[in-house]
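In terms of the working numbering, the sequence shown opens at residue 113 and continues consecutively.
All C-beta atoms, glycine included, are put in the ideal place defined by N, C-alpha and C.
Predicted model, so just to flag it, every value in this text is computed and none were measured.
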Amino acid sequence: MTTPWTRVDAVRTAVLAAVGAVVWAVGWFGVSGEPALEDQIAPMNLAVVGVVLIGIGYSSWFLAGRRAVGTRRRAVLALVPEVAAAPAPVGANTASTPPADGFLGSERLYHRPDCAMTADRAWEVEPRAVHERAGRTPCGVCRP
Ligand SMILES: [Zn+2]
């Protein structure tokens with residue numbers, strides 16, 4: 113297995129951040145010594161380039177970290193073959209047909225009866241059309 117977070121990633125991040133900081137500092141001091149606005153524009157642009165370099169450095173660091181997490185996650189999931197056949201999480205309804213007995217309605221939403229959001233609720237079960245006439249929208253969890 114290759115190392116997802118490489119020394120190259122760390123060096124690239126450090127170099128970009130350091131160069132960006134130097135460029136920003138040069139721009140900063142260039143602006144601070146110029147009283148006229150037109151003489152401040154070029155050093156200000158230089159400072160902006162420095163900030164952009166710092167941003168690119170840390171963005172590459174962040175993306176390298178995301179790649180490392182993805183690589184390790186895939187490696188771990190490859191060791192657990194039954195994950196692919198795991199049941200849906202509690203509350204996630206994958207049925208393609210609505211329940212015959214209707215949906216439960218809250219003040220703004222309506223849900224499938226087995227939705228996790230309806231646990232311990234005393235809501236009435238009514239057809240979808242009743243909920244839609246009442247202005248309720250489908251729940252984003254159970255997607256009735
Ligand atoms: Zn729901």
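Next on the checklist: Closer than 7 Å to a non-hydrogen atom of ligand 1 - does that hold for the CB of Arg-233?
Outcome noted: The answer is no for Arg-233.
Checklist entry - So is Thr-125 buried or exposed if we call it buried at 16+ other beta carbons inside 10 Å? => result By the 16-neighbour rule on beta-carbons within 10 angstroms, Thr-125 is buried.
Next on the checklist: Helix, strand or coil for Gly-145? Go by DSSP, reduced to three states.
Outcome noted: It is coil, neither helix nor strand.
Checklist entry - In this structure, what does DSSP give as the bridge partners for Pro-250? => result BP columns for Pro-250 point to Tyr-222.
Checklist entry - Which residue's Cα is closest to the Cα of Cys-251: Trp-140, Leu-189, Thr-118, Ser-218? => result Out of Trp-140, Leu-189, Thr-118, Ser-218, Ser-218 has the C-alpha closest to the C-alpha of Cys-251.
Item to check | Among Leu-158, Val-164, Gly-145, Glu-150, the one whose alpha carbon lies nearest that of Leu-128 | outcome: Of Leu-158, Val-164, Gly-145, Glu-150, the residue nearest in Cα terms is Val-164.
Item to check | Cβ-Cβ distance between Gly-162 and Trp-136 below 8 Å | outcome: Going by C-beta atoms, Gly-162 is nearer than 8 Å to Trp-136.
Checklist entry - Just the residues with CB closer than 5 Å to a heavy atom of ligand 1, in chain order, which are they? => result Going along the chain, the residues that qualify are His-223, Cys-227, Met-229, Cys-251, Val-253, Cys-254.
Item to check | From Pro-225, His-243, Asp-213, residue whose alpha carbon lies closest to that of Cys-254 | outcome: Closest option to Cys-254, Cα to Cα, is Pro-225.
Next on the checklist: Assuming Arg-240 is part of the alpha helix (DSSP H), what are its boundary residues?
Outcome noted: DSSP places Arg-240 inside the alpha helix (DSSP H), whose first and last residues are 240–245.
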